[in-house]
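**Q** Under the UniProt record's numbering, the residue at position 139 of the sequence shown is numbered 139, and the numbers go up by one with no gaps.
Glycine included, each C-beta is placed from N, C-alpha and C at the ideal position.
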Amino acid sequence: WFQCEHCTHKTKLKSSLKKHIVAKHTNSEDVKWFRCEHCSHRTKWKAQLKRHIKVNHTDPQEVKWFQCEHCSYRTKWKYGLNNHIILKHTNPEDVKCYQCEHCTHKTIWRSQLKKHIMTKHTNSEDVKWFQCEHCSHRTKRKDNLNNHIRLQHA
1 WFQCEHCTHK TKLKSSLKKH IVAKHTNSED VKWFRCEHCS HRTKWKAQLK RHIKVNHTDP
61 QEVKWFQCEH CSYRTKWKYG LNNHIILKHT NPEDVKCYQC EHCTHKTIWR SQLKKHIMTK
121 HTNSEDVKWF QCEHCSHRTK RKDNLNNHIR LQHA
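#1: Evaluate the contact criterion for the region 11–21 versus the region 111–124: three or more CB pairs, one atom per stretch, below 8 Å.
#2: Taking the alpha carbon of Lys32 as the point to measure from, which residue in Trp45, Trp1 and Lys50 has its own alpha carbon closest?
#3: So, helix, strand or coil for Thr139, using DSSP?
#4: To the nearest angstrom, report how far apart Phe66 and Thr8 are at their CA atoms.
#5: Please report the Cβ distance between His89 and His70, rounded to the nearest whole angstrom; I am assuming they are in contact, meaning their Cβ atoms lie under 8 Å.
#6: Buried or exposed: where does His153 fall if 16 or more other Cβ atoms within 10 Å of its Cβ makes it buried?
#7: Measure the C-alpha to C-alpha separation of Glu93 and Ile86 and round it to an integer number of angstroms.
#8: Helix, strand or coil for Tyr79, going by three-state DSSP, please let me know.
Shown next as structure tokens:
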């Protein structure tokens, strides 16, 4: 567990602790905000702004799609195509996969397996839940709550 030095927050992932510290313990004035030029969305992370624009403001005809050469699968994300090819079209003996011990989920990235386990299989008392202020929906991830609010209540 990684313990926040500013509060009682604990997390299993070091990257999650860094995000927590930036999100909760950094003054707004101290942060360089990345603002979307198409809407009011802003974020503390440049990569999240790029993803936001690609997902929300890019015409599907203008998106660079990554197409699998073995089947009809396509995605907006190169890492998604790489993961698909390795998991679906590569001999399992040739690939080191990380298999979830709780379900059938598998991935080629250990960090993704850790995130999956934390999101899907961690006891609720060990997790900080993000509660929607408009309905009973709650989630373990703040970005999922933001997406829920945008899709359900905007």
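**A** So, to answer that:
#1: Verdict: yes, contact present.
#2: The sequence position of residue 32 within the sequence shown is 32, counting from 1. The shortest Cα separation from Lys32 among Trp45, Trp1 and Lys50 belongs to Trp45.
#3: Here residue 139 corresponds to residue number 139 of the sequence shown, with the count starting at 1. Three-state result, Thr139: strand.
#4: Translated into the one-based positions of the sequence shown, residue 66 becomes position 66. Translated into the one-based positions of the sequence shown, residue 8 becomes position 8. One C-alpha to the other measures close to 42 Å.
#5: One-based indexing of the sequence shown puts residue 89 at position 89. One-based indexing of the sequence shown puts residue 70 at position 70. Right, their Cβ atoms sit about 5 Å apart.
#6: The residue labelled residue 153 in the question sits at position 153 within the sequence shown. Answer is exposed; the Cβ neighbour count stays below 16.
#7: In the sequence shown, counting from the first residue as 1, residue 93 sits at position 93. In the sequence shown, counting from the first residue as 1, residue 86 sits at position 86. So the alpha carbons of these two residues sit roughly 11 Å apart.
#8: On the sequence shown, position 79 is the one that residue 79 refers to. The answer is helix: DSSP assigns Tyr79 an H, G or I state.
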